[in-house]
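Participant: What follows is a structure written as structure tokens; I'll ask about it next.
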Amino acid sequence: MSEAAITESRVLDALRSVMDPDLGRDIVSLNFIRNMKIDGATVSFDVNLTTPACPVKDRLREQSRQAVLSGVPGVSDVRVNMTAEVRRPAAPETSRIRGVKNIIAVGSGKGGVGKSTVASNIAVSLARSGAKVGLLDADIYGPSIPIMMRSSGEPEVRDQIIQPVEAHGVKLMSMGYLSGEMPLIWRGPMAHKALQQSLLGVNWGELDYLVVDLPPGTGDVHLTLVQSVPVTGAVIVSTPQDVGLQISMKTLRMFQQTKVPILGIVENMSTYICPHCGARDDIFGHGGAARAAESLGIPFLGEIPLDAAIRKNSDTGTPVILAEPGSPAAAALSEITGKLAQQISIQAFRSIPLTIIEE
Amino acid sequence: MLTSPEQGATPAEIRKKSGESITIRWSDGHVSTFGARFLRGRCPCAQCVSETTGVRLVSEEHIAPDVTLEAARTVGNYALHFTFSDGHTTGIFTFDYLRRVCPCEVCG
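Rendered as structure tokens:
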């Protein structure tokens, strides 16, 4: 009766050898194992990860399977079902946007580094992995997300709540919608009010991730964001050249001063590969962001090559990650999204609740 | 790799004792207790500290001794906001600032 020896606790003991590489703990003590069923010599269970965009998903599946096969005598078949549930970081309930688990700010030091391109591709890529995603275009000076996501029409307002537009599986709101064709000529207080409305006055529903595309630099919109809601973390987009990087450092310090964790740096326009001869040309230099990340002790999320596919697909409204998934740019963006999702999970796991206990 | 901005002060626990005081236990274990009048007299807002010269315009001796904290709330991840009983509400007290002005015997 070897089957009788297979018990849930023996399977769990075997699974304790499988570590989540990001959180640095075994998947049993992290409470990832759900719905275990033992049927004769067949064991099945779910491994419930902290993000559907987890880049080590397949590795964890295989490790879990092997751990049970080799660690529990009598087991002949192991069925591992990978699921995910995005955890929310600890933060006071009152200051959150209801239903939104994580708010990810995407910032840059200067304009024109491809911040909106990175933000829209990350949003689409997270949504494609199965997460519920929103994208808020908070760049009051040049709202470009509606073009990049080809969302026509304007959001409806029902019961004084803005209903976001949906594009490529992502819920979308742009501060550009508030002004139509007119440029936004706003002083600080107006920008403040408009961002608060775009954050809190929108029917986001349940979201795992809300990606906020910020204006370049450090201004009113940034301050309003970090003062109004607990931001899970920030991504800094930079070009490799020194000037771009040095300015990015200011944006980085602003986030540090306001206690927004830095989830990582992305190097955009990293290198150019000639489509005719295949030669590589580092037009803006190369590797500057990786070096800066290392010296600052913050994660480097990856580099995106200059690729005509990005520009073409941004202009026609389908993020490159969907339009040309086989392109080098799409591959880079999808790797960056996976690393970012890992960092968000680590942050949510580490955060301590910041509440005021009234005595 | 650590992703939290480890520089500066991070609170581990924040307690408000009715209207009297706020006590912060910092992540390094240090404990700071700030009285209502102490905080009101160290408000960093532009009405209390001159924006052009940085000179403090309103300090503890200008404040009634019976001032209380009517409400306290967190600002994002990085600061506290207080409503004082004298109606003053414009200060944002960052955790870094609060850690710096800790009035305990060791720091003060």
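Taken in order, these protein sequences are the chains called A and B. For the working numbering, count along the first sequence from 1 and bump the result up by 1467. For the working numbering, count along the second sequence from 1 and bump the result up by 7. Just so it is clear, CB atoms sit at the ideal spot from N, CA and C, and this is done for glycine as well. Values in this document were obtained by computation on a predicted structure and should not be read as measured data.
1) Starting from A/Gln1708, trace the alpha helix (DSSP H) in both directions and tell me its first and last residue.
2) Identify each residue in the region 1724 to 1751 of chain A for which the Cβ-Cβ distance to at least one residue of chain B is less than 9 Å, and report them in chain order.
3) Only counting runs of 4 or more residues, tell me where the alpha helix (DSSP H) segments fall wholly within the region 1638 to 1710 of chain A, in order along the chain.
4) Excluding the 5 residues flanking A/Ser1715 on each side, which residues of the same chain have their C-beta closer than 7 Å to its C-beta?
5) Could you check the C-alpha separation between A/Ile1614 and A/His1689 for me, to the nearest Å?
6) Roughly how many angstroms lie between the CA atoms of B/Tyr85 and A/Leu1763, to the nearest whole one?
7) Spell out whether any CB of chain B is found under 8 Å from the CB atom of A/Val1698.
8) On a CA-only basis, which of A/Phe1816, A/Ser1583, A/Lys1726 is nearest A/Arg1554? Give me that one, please.
9) With DSSP collapsed to three states, give me the class of A/Thr1738.
10) Kindly indicate which three-state DSSP category A/Asp1506 falls into: helix, strand or coil?
11) Out of A/Val1495, A/Pro1519, A/Val1539, which one is the CA nearest neighbour of A/Ile1505?
12) Name the chain B residues that come within less than 9 Å of A/Glu1770, Cβ to Cβ?
13) Looking at chain B, is there any beta carbon in it that lies within less than 8 Å of the beta carbon of A/Glu1825?
14) At a Cβ cut of 9 Å, what residues of the region 68 to 86 of chain B count as close to chain A, listed as they run along the chain?
15) Show which residues of chain B have a CB atom less than 7 Å away from the CB atom of A/Gln1694.
16) From what residue to what residue does the beta strand (DSSP E) around A/Met1615 run?
17) Mapping DSSP to helix, strand and coil, what is A/Ala1760?
18) Take A/Thr1804 as the anchor and find which of A/Leu1730, A/Tyr1739, A/Ser1592, A/Ser1794 has the nearest alpha-carbon.
19) How big is the Cα-Cα spacing for A/Asp1493 and A/Ser1476?
20) Keeping to the same chain, check which residues put their C-beta closer than 8 Å to that of B/Glu27; ignore five residues upstream and five downstream.
21) Spatial neighbours of A/Pro1728 within its chain, please: C-beta separation below 7 Å, excluding the five flanking residues on both sides.
22) Under 8 Å, do A/Asn1498 and A/Ala1551 count as touching if we go by C-beta distance?
Facilitator: Result, derived from the coordinates:
1) Position 241 of the first sequence, counting from 1, holds the residue named residue 1708 of chain A. Per DSSP, A/Gln1708 belongs to no alpha helix (DSSP H) and is neither H nor E.
2) So the list reads Gln1724, Thr1725, Lys1726, Val1727, Pro1728, Ile1729, Leu1730, Gly1731, given in the order they occur along the chain.
3) 1655 to 1667, 1687 to 1695
4) Counting from 1 along the first sequence, the entry for residue 1715 of chain A is found at position 248. Within the same chain, A/Ser1715 has close Cβ partners Ser1575, Gly1576, Ile1703, Ser1705.
5) Counting from 1 along the first sequence, the entry for residue 1614 of chain A is found at position 147. Counting from 1 along the first sequence, the entry for residue 1689 of chain A is found at position 222. Computed Cα separation, rounded: 23 Å.
6) The residue given as residue 85 of chain B occupies position 78 in the second sequence. The residue given as residue 1763 of chain A occupies position 296 in the first sequence. Using only the alpha carbons, I get a separation of about 20 Å.
7) Here residue 1698 of chain A refers to the residue found at position 231 when the first sequence is read from its first residue. At least one chain B Cβ lies under 8 Å of A/Val1698.
8) As a working note, residue 1554 of chain A is residue 87 in the first sequence. Ranking A/Phe1816, A/Ser1583, A/Lys1726 by CA distance to the CA of A/Arg1554 puts A/Phe1816 first.
9) Counted from its first residue, the first sequence places residue 1738 of chain A at position 271. Judged by DSSP in its simplified three-state form, A/Thr1738 adopts coil rather than helix or strand.
10) Your numbering for residue 1506 of chain A matches position 39 in the first sequence. Three-state result, A/Asp1506: strand.
11) On the first sequence, residue 1505 of chain A is found 38 positions in, with the first residue counted as 1. The option with the nearest alpha carbon to A/Ile1505 is A/Val1539.
12) Locating residue 1770 of chain A in the first sequence gives position 303, counting from the first residue. The contacting residues do not exist; A/Glu1770 stays about 18 Å from chain B at best.
13) For the purposes of this step, residue 1825 of chain A is taken as residue 358 along the first sequence, with counting starting at 1. So yes, A/Glu1825 belongs to the interface.
14) Taking 9 Å as the cut-off between beta carbons, the residues of the region 68 to 86 of chain B near chain A are Ala79, Arg80, Thr81, Val82, Gly83, Asn84, Tyr85, Ala86, in sequence order.
15) Taking the first sequence and counting its residues from 1, the one referred to as residue 1694 of chain A is at position 227. Those within 7 Å of A/Gln1694 in chain B are Val82, Gly83.
16) The count along the first sequence starts at 1 and reaches residue 1615 of chain A at position 148. Per DSSP, A/Met1615 belongs to no beta strand (DSSP E); it is in the alpha helix (DSSP H), 1612 to 1615.
17) As a first step, residue 1760 of chain A must be located in the first sequence, where it is residue number 293. A/Ala1760 falls in the helix class under three-state DSSP.
18) Numbered from 1 along the first sequence, position 337 holds the residue referred to as residue 1804 of chain A. Answer by Cα proximity: A/Ser1592.
19) The sequence position of residue 1493 of chain A within the first sequence is 26, counting from 1. The sequence position of residue 1476 of chain A within the first sequence is 9, counting from 1. Whole-angstrom Cα-Cα distance: 15 Å.
20) Residue 27 of chain B sits at position 20 when you count from the first residue of the second sequence. Cβ within range, chain order: Gly42, Ala43, Thr75, Leu76.
21) Sequence index remark: in the first sequence, residue 1728 of chain A carries index 261 (1-based). Contacts found: Gly1700, Gln1814.
22) Against the first sequence, residue 1498 of chain A aligns to sequence position 31. Against the first sequence, residue 1551 of chain A aligns to sequence position 84. In this structure, A/Asn1498 sits away from A/Ala1551, with a CB-CB distance that is not shorter than 8 Å.
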